[in-house]
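Sequential numbering from 173 applies to the sequence shown in this note's numbering. Ideal Cβ placement from N, Cα and C applies to all residues, glycine included. Okay, so here's the structure we're looking at.
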Amino acid sequence: MKESDKKQWNWKMILVFIVVFVVVSEILSDWEHFKEGLFSAFLK
Numbered sequence: 173m174k175e176s177d178k179k180q181w182n183w184k185m186i187l188v189f190i191v192v193f194v195v196v197s198e199i200l201s202d203w204e205h206f207k208e209g210l211f212s213a214f215l216k
């Protein structure tokens with residue numbers, strides 16, 4: 173692999189990591205609301 177390809181690949185990995193981190197933190201912050209919505213949907 174060329175050095176420039178390696179650098180580009182590292183940037184892609186960092187971007188993917190950041191996106192995954194943001195998505196996971198969003199899911200975790202919404203988890204309580206999600207559970208409440210799920211329970212109320214099942215209990216109806």
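Spatial neighbours of residue i in its chain, beta-carbon cut-off 8 Å, leaving aside the 5 residues before and after
i	result
aspartate 202	none
The alpha helix (DSSP H) enclosing residue i, as first and last residue numbers
i	result
lysine 174	Taken as a continuous stretch (DSSP letters only), lysine 174 belongs to no alpha helix (DSSP H), as it is neither H nor E.
6 Å CB neighbourhood of residue i in its chain, flanking five on each side removed
i	result
valine 191	none
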